[in-house]
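Below is one structure, written out as structure tokens; the observations come after it.
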Amino acid sequence: MNVNQMNINEDMKIIDIIDEFSASGVLGAGRVGRSCELLANMISQDDMKVFLSVAGPLVPGGLRNVISTMIKRGHIDVLITSGANITHDLLESFGGSHYREYGFDDEKLNEAGMGRIGDVYTKSDDFEVFEKEIITFFDKITKSIAKKNFNDPKSCDKHNIISIKDFLYEIGLLIEDENSILKVAAENNVPIFAPGLIDSMFGLQLWMFTQENNLVIDAIADMHDLSDIVFDSDAVGAVILGGGLPKHYCLASNLLKGGVDAAIQITMDRSETGSLSGAPLEEAKSWSKAKCGSNLVSVIGDVTIIFPLIYAAALNKINK
Numbered sequence: 072m073n074v075n076q077m078n079i080n081e082d083m084k085i086i087d088i089i090d091e092f093s094a095s096g097v098l099g100a101g102r103v104g105r106s107c108e109l110l111a112n113m114i115s116q117d118d119m120k121v122f123l124s125v126a127g128p129l130v131p132g133g134l135r136n137v138i139s140t141m142i143k144r145g146h147i148d149v150l151i152t153s154g155a156n157i158t159h160d161l162l163e164s165f166g167g168s169h170y171r172e173y174g175f176d177d178e179k180l181n182e183a184g185m186g187r188i189g190d191v192y193t194k195s196d197d198f199e200v201f202e203k204e205i206i207t208f209f210d211k212i213t214k215s216i217a218k219k220n221f222n223d224p225k226s227c228d229k230h231n232i233i234s235i236k237d238f239l240y241e242i243g244l245l246i247e248d249e250n251s252i253l254k255v256a257a258e259n260n261v262p263i264f265a266p267g268l269i270d271s272m273f274g275l276q277l278w279m280f281t282q283e284n285n286l287v288i289d290a291i292a293d294m295h296d297l298s299d300i301v302f303d304s305d306a307v308g309a310v311i312l313g314g315g316l317p318k319h320y321c322l323a324s325n326l327l328k329g330g331v332d333a334a335i336q337i338t339m340d341r342s343e344t345g346s347l348s349g350a351p352l353e354e355a356k357s358w359s360k361a362k363c364g365s366n367l368v369s370v371i372g373d374v375t376i377i378f379p380l381i382y383a384a385a386l387n388k389i390n391k
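Quick note, the working numbering runs 71 ahead of the 1-based positions in the sequence shown.
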């Protein structure tokens with residue numbers, strides 16, 4: 072089979088360009104084309120649960136509304152992400168923002184009360200608002216749990232205990248921002264799992280709150296809920312944006328049922344060091360985290376460039 076040379080013109084839509092990638096069939100273009108086709112198939116199958124794994128600064132990097140849209144359209148059944156993305160979603164929910172074009176003199180940024188994530192910038196003033204607002208949410212949720220325990224004659228809990236998933240759900244119900252990932256997920260009953268929640272500004276505020284308040288976050292309880300989802304699923308497809316803990320949590324949870332049936336990975340990480348973040352998806356077959364015969368596509372590139380293109384083209388495919 073020959074490599075088809077790509078044809079480009081000024082009248083092409085995103086789907087047309089992706090189709091040209093698919094027609095070429097090789098290298099990065101071919102992988103992008105195959106990932107688009109696979110994503111369209113995943114979100115079109117009623118019997119497939121779609122797990123979205125999100126690592127790296129994707130909310131600061133501009134993908135917040137993309138993720139919210141996927142949830143609203145019913146294209147995600149489970150979201151697994153980092154504490155940092157939870158933090159930055161809440162930062163915007165409380166009126167803060169992410170900024171650009173401030174330059175790279177980090178010492179001057181520090182003096183000006185700003186932090187840097189690549190070429191994305193944050194303001195300490197926004198984080199101060201975040202810290203004040205999130206504590207009020209923690210307090211409301213803690214009091215609600217305590218009230219339920221008090222009114223339940225069967226409850227023997229001396230502590231106000233809640234799983235990470237349920238905690239994030241309750242926070243989502245309190246948010247007013249219609250574009251918030253947490254809010255949209257809560258409204259659409261899409262569970263959010265954040266196994267590394269404590270490793271974030273959110274986690275720091277949570278730790279400080281628990282020093283003086285009777286609140287216990289039960290991370291192990293999340294595995295009960297996640298394993299139920301895996302066992303109750305006819306098939307699982309994973310969309311893995313970045314690597315890290317969210318990627319491993321996503322794949323490892325599916326080991327319980329022999330692995331995912333399909334997966335797309337977009338990453339800039341390398342495989343030579345043996346890191347999970349850079350590991351090709353095929354490696355997951357050796358661990359039964361991906362089924363033998365599963366449909367797997369790994370794309371090497373910047374998630375903030377590639378995924379919006381893939382998702383836009385997939386929407387076009389499923390809406391034809």
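Note that CB positions come from ideal geometry on N, CA and C, so glycine has one too.
Between the CA atoms of S348 and S342 - distance to the nearest angstrom:
Pairing S342 with S348, the inter-Cα distance amounts to about 8 Å.
Answer yes if the stretch 169-183 comes into contact with the stretch 285-304, meaning at least three C-beta pairs across the two stretches below 8 Å, and no otherwise.
Cβ pair count under 8 Å is below three, so no.
Pair within 9 Å by beta-carbon distance, L352 and S369
A Cβ-Cβ contact shorter than 9 Å links L352 with S369.
With the cut-off set at 9 Å, would you say G308 and L109 are in Cβ contact?
Taking the C-beta atoms as reference points, L109 is found nearer than 9 Å to G308.
Roughly how far, in whole angstroms, is the beta-carbon of D160 from the beta-carbon of L253, given that I think they are within contact range, below 8 Å?
Taking the Cβ atoms as the reference, D160 lies roughly 6 Å from L253, within the contact range of under 8 Å.
Taking the alpha-carbon positions, what's the D31 to T207 distance?
Residue 31 is absent from the structure shown; the chain starts at 72 and stops at 391.
Is the stretch 120-133 touching the stretch 293-313 in the sense that three or more CB pairs, one from each, lie closer than 8 Å?
At 8 Å Cβ cutoff, the stretches touch.
Which of the three DSSP states is assigned to M141 in this structure?
Assigned with DSSP and collapsed to three states, M141 falls in helix.
Sequence-distant residues of its chain with Cβ nearer than 6 Å to G330 (five each side left out)
So the list reads S359, K360, A361 and K362, once near-sequence residues are dropped.
CB-CB under 6 Å to I242, same chain, minus the five flanking residues each way: which ones, in chain order?
Closer than 6 Å at the Cβ level, and outside the excluded window around I242, lie F208 and L253.
Which first and last residues belong to the alpha helix (DSSP H) in which R187 is found?
Taken as a continuous stretch (DSSP letters only), R187 belongs to no alpha helix (DSSP H), being part of the beta strand (DSSP E) at M185 to I188.
Taking its Cβ as the centre, do 16 or more other Cβ atoms sit within 10 Å of F92, making it buried, or is it exposed?
With 16 or more other Cβ atoms from the protein chains shown falling within 10 Å of its own Cβ, F92 counts as buried.
The stretch 148-164 contacting the stretch 198-207, beta-carbon criterion three pairs below 8 Å
The answer is yes - the stretch 198-207 touches the stretch 148-164, with three or more Cβ pairs under 8 Å.
If we count the other Cβ atoms within 10 Å of its Cβ and call it buried at 16 or more, is V74 buried or exposed?
Exposed, since its Cβ has fewer than 16 Cβ neighbours within 10 Å.
Give the single residue among I335, G345, S357 and N390 whose Cα lies nearest to the Cα of I377.
Ranking I335, G345, S357 and N390 by Cα distance to I377 puts I335 first.
Length of the line joining the Cα atoms of K84 and N390
Looking at the two C-alpha atoms, the distance is approximately 15 Å.
In terms of DSSP beta bridges, what is Y192 paired with?
DSSP lists Y170 and R187 as the beta-bridge partner residues of Y192.
Enumerated in chain order, which unbroken segments of the beta strand (DSSP E) with a length of 3 residues or greater are wholly contained in the stretch 273-349?
Taking only runs of at least 3 residues, the beta strand (DSSP E) segments lying wholly in the stretch 273-349 are 286-289, 306-312 and 331-338.
Beta strand (DSSP E) segment containing S365, residue limits:
Unbroken beta strand (DSSP E) run through S365: A361 to I371.
Distance between T152 and P317 (C-alpha atoms, nearest Å)
The alpha-carbon of P317 is positioned some 5 Å away from that of T152.
Excluding the five sequence neighbours on either side, which residues of its own chain have a C-beta within less than 8 Å of the C-beta of S95, listed in chain order?
These residues qualify, in order along the chain: V74, N75, Q76, M77, G101 and G104.
Nearest CA to the CA of I269: which residue from S251, I157 and A217?
Nearest of S251, I157 and A217 to I269, Cα basis: I157.
Name the two residues that bound the continuous alpha helix (DSSP H) containing I246.
Premise fails: I246 is in no alpha helix (DSSP H) and is neither H nor E.
Ignore the nearest five residues each way along the sequence and tell me which others in A292's own chain have a CB closer than 6 Å to its CB.
The answer, listed in chain order, is S234.
Taking the alpha-carbon positions, what's the I147 to S271 distance?
If you draw a straight line from the Cα of I147 to the Cα of S271, it is about 24 Å long.
Those residues which DSSP pairs with N231 across a bridge
Bridge partners of N231: L286.
For M72, tell me which candidate among V97, T140 and D90 has the shortest Cα-Cα distance.
When C-alpha distances from M72 are compared across V97, T140 and D90, the shortest belongs to V97.
Could you check the C-alpha separation between T213 and Y320 for me, to the nearest Å?
Whole-angstrom Cα-Cα distance: 27 Å.
Does D196 pass the burial test, meaning 16 or more other C-beta atoms within 10 Å, or should it be called exposed?
Classification of D196: exposed, given that the 10 Å Cβ count is below 16.
At 3 residues or longer, what runs of the beta strand (DSSP E) sit wholly inside the stretch 72-146?
As for any beta strand (DSSP E) of minimum length 3 sitting wholly inside the stretch 72-146, the runs are 119-125, ordered along the chain.
Tell me where the beta strand (DSSP E) around I151 begins and ends.
Per DSSP, the continuous beta strand (DSSP E) segment holding I151 begins and ends at V149 to T152.
If you reduce the DSSP assignment to three classes, tell me which class I263 lands in.
I263: strand per DSSP, three-state reduction.
Quick one: using the 10 Å Cβ neighbour count with 16 as the cut-off for buried, is A183 buried or exposed?
Answer is exposed; the Cβ neighbour count stays below 16.
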